[in-house]
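Counting from 1, position 171 in the sequence shown corresponds to residue 171 in full-length UniProt numbering; the numbering is continuous, with no gaps. Beta carbons: idealized from backbone N, C-alpha and C, even for Gly.
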Amino acid sequence: MLTEKRSTDRASRQVTEEAVQESENLQIRVEEERPDVFRQVILYVLDRVEGKPNIGEAVLHKLFYFIDFDYYEKFEENLMGETYVKNGYGPTSVNLTRILRCMEEEGAIQKTEQVYHNYIQNRYLNTGRSDTDLLRARDIEHIDQVLARFSGMSPAELSEYSHNDIPWKCARYGEPIPYETVFYRDDRYSVSESDDAL
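Pasting the structure below:
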């Protein structure tokens, strides 16, 4: 049993090392930022997770990371065109905080502070209705799948989970996470269509 674990750990390290070497040659490949799509996804997600006490700004960063990176793995294109960087708490959207602030100033969302497990978290509520005219049916289906998998996790659980995803492992702290590294994911994280068909 111990021998199996060591060989599995060794194989996992080797895959990670290969992915890190490859990621140094990869470009981030964000075709174009799509802030209008990002705003629609934000409002849609806020509607879907409303009332869940664990969903603060920290969890939103991870949810959008998995929405974007899983989408790229499935469809080989960007959904929101967002850039994510590696930090100590997991992947972080470069523009999310700024966009949330703008949306709050416009009155599209409302920010509240609540205590969750002895931490103050920033929570956001949609003040109107979600417009999804820029989203295709497959986009909404994909977002719903990601929310079904992750929206029940605490900030600590989601952060820990994201730390074992190959794209996060491959990036350097403070640097953008290359989208192409999703193709090195192991079975625990891979969401490619070919895996779903098996």
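Asked, Found
"Neighbourhood of residue 190 by C-beta, 6 angstroms cutoff - its chain only, sequence neighbours within 5 removed", "none"
"Among 120, 118, 78 and 38, the one whose alpha carbon lies nearest that of residue 95", "38"
"Cut-off 6 angstroms between Cβ atoms - residues of its own chain near residue 238, not counting five sequence neighbours on either side", "The structure shown does not extend to residue 238, since the chain spans only 1 to 198, so no value can be given for it."
"Run of the beta strand (DSSP E) containing residue 52, from where it starts to where it stops", "Premise fails: residue 52 is in no beta strand (DSSP E) and is neither H nor E."
"Contact under 8 angstroms by Cβ, residue 84 with residue 58", "no"
"Separation of residue 107 from residue 160, as counted between CA atoms", "33 angstroms"
"Where residue 89 sits in the DSSP three-state scheme", "coil"
"Cα-Cα separation, residue 82 to residue 118", "31 angstroms"
"Beta-carbon gap between residue 111 and residue 104 smaller than 8 angstroms", "yes"
"Top-ranked residue by Cα proximity to residue 45, from 163, 143 and 175", "143"
"Opposing strand residues paired with residue 116 [DSSP bridges]", "119"
"Neighbour-count burial assignment, residue 72, 16 or more Cβ in a 10 Å radius", "buried"
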